[in-house]
Amino acid sequence: MITDEVGTFSDTVEEAAPVEACTKCTACNTVCPVARSTEIFRGPKFLGPESERYRSQPEAAVTAGLDLCSGCKLCEVTCPSQVSIQEYIRRAQNKGAAEKGRTLRDWVLGHTRLLSRFGSMTAPLANLGNRNPLVRWAMERELGIHHKRPLPRYQWLTFERWFKRRPHNKRARRTVAYFYGCWVNYNERRLGEQVVAILERNGIEVIVPKQQCCGIPAVVNANMDLARKYGGENVRRLSGLPADVDIIASSTSCGLMLKHDYAHLLDIPGAEQVGARVYDICEYLWMLHEAGELNLDFQPVTTRLLYHAPCHLKSHGIGYPAMRLLRLIPGVQLEEVDEGCCGISGTFGVKVEKYDLSMKIGSRLFAAVKAAGTDAVLADCETCRMQVEHGAGAHSAHPIDILARAYGHG
Amino acid sequence: MPDTTTGVVVIGGGSTGAGVLRDLSMRGIDAVLVEKGDLASGTTGRSHGLLHSGGRYCVNDPAAAIECVEEGRILRRIARTTIEDTGGYFVSVSEEDLAWEPRFVEGCAKAGITCERISVEEARRREPALSQHVRTVFWIPEDGHLDPFYLVMGNVESARRRGAQARTYTEVTGFIRDGNQLTGVLTRDTMTGEETSIGCKAVINATGAWAGFVARLLDVEVKVVPVKGVMVVLSHRVAHATINRCHKPGDGDIIVPALSVAILGTTAVKVPHPEVLPIEWDEVRHMIEEGSLMADGVSTARAMRAYAGVRPLYDLGAEAEGREMSRNFAVIDHEQRDGIAGFTSIVGGKVTTYRLMAERVTDLVARRLGVTTPCTTAEVPLNDRDDELDQLRHRPAQLGVPKPHGDERPLQPLVCECELVRPQDVAPWFEDAAVRTLEDIRRRTRTGMGPCQAAICSYRLAGRLVTDRHQDGPTATRAMADLLETRWRGVRHVFWGSQLRQAQVTAGLHLELFNLDRQLMLEKSTAPAGHFPPPSSLPPPLAGESRGGGDTPDPVGVQR
Amino acid sequence: MKADIAVVGSGLAALVATRTLQQAGRNAVLIWPGLSSLYFTYATVDVLGYSDLTTTQTVEQPEAGVAKLIADHPNHPYALAGLDALRSGTTLLIEWLRAAGFTWQGSLARNLLLPTAIGTPKPSCLYPESMAAGDLQRDEPIVFCGFVGYEDFVPELAASNLSRSWGRGDQSVRAIRVSLPGFDTSRLFTSIDLARSFEDKAFRREVASRIRREIAIDSVRVGVPAVLGLTHDTDVYSSFAAEVGHPVFEIPTLPPSVLGLRLFDRLRKHIQESGVEMIWAAPAHEAEVSDGQCRRIYLKSAGREHPIDARAYVLALEDMVDGALRAGVHTVVDPFFHQSLAHHAVPTERTDESLFRPQPFASIGYAVTDRLQPSAGHGHPLARNVFLAGGAIAGYDPVGTKSRGGLAIATGYRAAKEAMAA
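Residue numbers (my numbering), protein chains in the order written: chain A, 18 to 427; chain B, 500 to 1059; chain C, 91 to 512.
Okay, here's the thing in structure tokens:
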């Protein structure tokens, strides 16, 4: 209850802390991909709201088994009471790690950006190493990264450096700031190039502010302090943008961090105002379309495609704008495949003790993809793409890739 | 000839009676406790759980405060499992509070209560829940939470291990006398109606608010004034430590973190009868408002239920308001006062001083019986061991997670997920003759005491009534329904927000999915509502087996 | 975001409304604020189980029962939706279930009596094939089979109750337990773990043989907890029944509800696969109305309030649990139009003293016009293009009469039809 005056218990709608709203319906446990695939995970209901009642007492902190939570947030998306289950799990996990110490792997995976930077600087060598069985064996032994998990290729030329070298189009009716994320910067520069090309094709100037890792690898590897540090930097820089400049993200999880987690999970000051200006790239393009401003000069792209909506996209609460956009392109045959979580969930499926589980979680998706036999599987999230390629042997791309082709930008 | 004979019959299964039973048994005196409801179902089980440092009494009732200090220290030695050392804050919110402070400080000093003034900033650092209205803060390390159920059960189990008996749902209907000497007690099982007699040398009336009713059976007057107190339970702890208002004791001036919940208390309203305890909306509202003055969490918390308890205030003569009467206790030697040998009453007091009350009355009775063994209840731990036993806050870490994510243990099942109750916590109670309703299981294990108020665990408990206690389906179903109904009675008073939504889920499960409302209409069970007989009685034939008799009785359980 | 017709809701009413719109060629957007908490009550679809709240006499013909109810209670949500909506909606649902790969059975003509997890007969008229053999209007004796170490289904309890209310002579209802291969009984296992194990052929075969060994009687049927497979299409039920060699039927029990999971998972996927966009995780509120039309509602999406501008809206929220209504201490408010729907000076007035009697709060909801538009009680719509379905309608209390599914279908269908015409 929010009281209007001191000591008065007035009649307003209850605004209890989200965790107290749990009514034990257990819907979260039925959708949790981990709980569905293994019997050693108690599930979001217990590790979230039920355990949370005990966490204020130090001895009662439940930290064992929390790392089995993959962070997909399907529990939150399903909860009729809007309990932010996964946030409570993350905080507890973070607290446990802070007390008991983090592992080397936690550190490495939390510092994805550093890793990627190193990989990018040593690009041809790093990529060779990541495919070398001996190196992978050592990695599995020392770092706990499963030897079968394909690691992303690094590119020597980063998106950031590429963008700096380009001429800039100053004559534009709108400006957006592009939050490219670590993946585009170090692993898939081409995607970033396509995003820029598409925006410029729509008369939009793209600026690329200096940015830090969005912090989600740190959050899910029990290092919220690091995530807060990264997020603080990002919020500071993005807050400095002029008020009419919107912020675009092409990675689902980066976008969710900026929109929501910076404010709600990490309590970063100023994050809410920044979050209100953040859009997923497809979300933004669709808004342009509804305003009559989207360049509809598409070349046909004849292709049969499947769309796999990343779990985190569901948390955005915007539907699937990528599908709406692609249906505007002549020649595109697009169907959704909804077999739940692909299983990788960011760094979760990379870990040696979780690899098999991640492949099991995604098995229905892999089977459906194989059966569909389409030209590609589209997903807005880079780790989903990695997982689908690995598990289903199918080609996977960001929806932007098709749009770029429709604009003639190969 | 009485059906059983013992040394002393203790009437009353609250903290006092349980403490007396233990003390008697430790002095080698045979004793039987009789309680007309369940253990701890009267005043004790409905207290707010504050382990009094004495701070609340030190100004107006210094003698009571000193008793609290001493007994609190003893309880921390002997009853570790029942206590959570939360410490406590006394906070000032208003001008009147500020005026009270010097008296409070002085009172603490005189009573030997450790009291430390700390800055509001420091207090908020330790206890973020403190409200913005707080102006002064005192830290009282010896405030805490005393779980009344663990306390009573602990005392009774301690006594049982030494050969004592405790009979629940056994009401005293009269006495057997030989001239002026009491020689026995007449009892009636309140569920089956079965009548028994117990021969004894002495009777101790430890029935608290009901002391007058028992005394009346002997045409003797014991004037106890029942004073009702309403409490509101919030579904989470709100604060780490207790929070008290630093003022003249009044309504709604305590917040007690009680294991997994927080209890806001309380009011003081004289009532005509200890079982007439209406909960008024104004009282509920007042608890929450007053609590909000002290802690921020209160105004935004999920309210879980409200309940009412009754204080047994002993009228030491003057006609006064509820709180102003002394909470000190009195041993009434009826041989001296009323010429009835073998009858003693112990009245007044509070849960925190139960052990001392028990000691005093047991001293008197033991002396009369010629037993010189001294009281050792202050030295020997309740559970007879010195180790730190399983407490609720340790439970989460014990639940097991398989390697490599945790240790080797597989995930442990839970009967009640809200309160982390495992099968091994409930199983023994199903074989206990004193357990006759599912509420009795609730009191002993905390099953059903969480936010969902038995929505899920009630089915599992009903199942065990059939499989472990060999009851028939209708008995088990009715017991399940009764558990849900008693939970409902408390939920109704806080019927808004999440608890209202919870009720919808509960109704969806039990009334819609299980069709429980129709089951209750359909069954034609002869079992009285909600309870089940002790395990030594003949189990009814299980479904599908021959109904024509011929089943040999299964001697399930042990009548301790 | 612009939309043709926006459907808000997470239960059967919202799904039926969406499907109705889709079949009529309209573009529907399904806004899903979470899975309706009562997904576990939709193991079967109950249209009308009892004609009033005190009788134990079950309704034999649900459609006829609803017709009579409508005649007797012209303001009941069934009356407002109309018998035609119930019929057409049911036909639509049955066809949809088939198209989505389910093998549900039943019709409005006849209620089955299916035993619940506490052994009480319960009337239902639409049910999964895997529950059909439990019909108590059949004569074969019943064996309830539980699993050692699984506390969420107690066959002994069910058998003891059912034998008294249904039992026909000796041996007509009994209980057995079998241990499950590979299951350590001292550890936790949920209905989801069981359902997953049942998808394994070797596991099924072994469990079936253990059951056969316990039964040793020819003409019994076996009731098991509803754990026969995690998804609707794994054919676990029929292959298991074949292995057992007796008719088998599933019984829904404590959540997590595998039956609910199968139903909602597949219906949701099917509707998305057939082109309906679903917006997850977006609780809806705040209707902007001008000139009697709702122009916009808002979704609480990540980062900001997400506007939905639709031609028409179907608000098919289930109940207070999923936010159809917000209950403060004294006042129940609707989050779209901010009406005060009910006011109680004392919260206990919202309840009956007994949990097992009808509750005043259950009937709180939006007053509606005869076209299911929200009306604030004066007969004129608050917005001409908004239509209500499901639990948000005042007077919708399905609990005592066991009519949740039917009310959801009828109001969902009717609201969709009206939305199309708006």
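Idealized CB from N, CA, C, for every residue including glycine.
- Between Y649(B) and T543(B), the C-beta spacing is not below 8 angstroms.
- Residues L405, L407, A414, L415, G455, Y456 of the same chain have their beta carbon placed closer than 7 angstroms to that of A482(C), with the five preceding and five following residues left out of the count.
- Counting of Cβ neighbours within 10 angstroms places G511(B) among the buried residues, the total reaching 16 or more.
- Taking 8 angstroms as the cut-off between beta carbons, the residues of the segment 357-370 of chain C near chain A are R358, K359, Q362, E363, E367, M368, I369, W370, in sequence order.
- Taking the Cα positions, G124(C) is about 33 angstroms away from L247(C).
- For S329(C), the uninterrupted alpha helix (DSSP H) run begins and ends at 326-334, by DSSP.
- For E300(A), no beta strand (DSSP E) encloses it; the enclosing alpha helix (DSSP H) starts and ends at 298-307.
- Close CB contacts of E858(B) within its chain, under the 7 angstroms cut and outside five residues either way in sequence, are with D522, C874, T876 (chain order).
- When the five nearest sequence neighbours on each side are left out, the beta carbons in the same chain lying within less than 6 angstroms of the beta carbon of N117(C) are those of D94, in order along the chain.
- Straight-line measurement puts the Cα of R854(B) at about 8 angstroms from the Cα of V519(B).
- The secondary-structure analysis by DSSP pairs V262(A) with nothing; it has no beta-bridge partner.
- Within the same chain, Cβ atoms closer than 7 angstroms to the Cβ of S98(A) are found at A38, C39, T40, the five residues on either side in sequence being excluded.
- Under the 10 Å beta carbon count, A326(A) is surrounded by 16 or more other beta carbons and is classified as buried.
- Counted as a single uninterrupted DSSP element, the beta strand (DSSP E) harbouring S391(C) occupies residues 383-391.
- In the pairwise beta carbon analysis, the segment 964-972 of chain B is classified as touching the segment 923-937 of chain B: at least three pairs are separated by under 8 angstroms.
- The shortest CA-to-CA distance from F589(B) to any of E570(B), P640(B), L717(B) is the one to P640(B).
- A Cβ of chain C is located within less than 8 angstroms of the beta carbon of C42(A).
- Under DSSP, D832(B) forms a beta bridge with T843(B).
- For E782(B), the enclosing alpha helix (DSSP H) starts and ends at 780-793.
- Q923(B) sits in a helix when the DSSP states are folded into three classes.
- Remark: three or more beta-carbon pairs, one from each stretch, lie closer than 8 angstroms, so the segment 789-801 of chain B and the segment 745-763 of chain B are flagged as touching.
- V558(B) places its beta carbon 8 angstroms or farther from that of I612(B).
- For H333(A), the closest alpha carbon among the candidates G360(A), L345(A), C398(A) is that of C398(A).
- Secondary structure of H163(C) (DSSP, three-state): coil.
- Under DSSP, H396(C) shares a beta bridge with L389(C).
- Within its own chain, the residues whose Cβ lies closer than 8 angstroms to the Cβ of T343(C), once the five positions on either side in sequence are excluded, are A207, D242, F243, S281, P315, A316, listed in chain order.
- Using a Cβ-Cβ cut-off of 8 angstroms, Q1001(B) is close to T40, K41 of chain A, given in chain order.
- Put simply, the backbone Cα of M156(A) is about 18 angstroms away from that of P141(A).
- Annotation: L208(A) to H412(A) spans about 15 angstroms, alpha carbon to alpha carbon.
- The alpha carbon of T319(A) has as its nearest neighbour, out of R341(A), T391(A), T269(A), the alpha carbon of T391(A).
- Straight-line spacing of the CA atoms in I341(C) and K769(B) works out to 51 angstroms.
- Interface criterion met: the Cβ of Y71(A) is under 8 angstroms from a Cβ in chain B.
- With its beta carbon less than 8 angstroms from one in chain C, E93(A) belongs to the interface.
- For F63(A), the chain B residues whose Cβ falls inside 9 angstroms of its Cβ are L898, L913, E916, in order along the chain.
- Residue pairing by DSSP places I162(A) opposite K368(A) in a beta bridge.
- Runs of the alpha helix (DSSP H) spanning 4 or more residues and lying entirely within the segment 956-1004 of chain B occur at 956-966, 972-990, in chain order.
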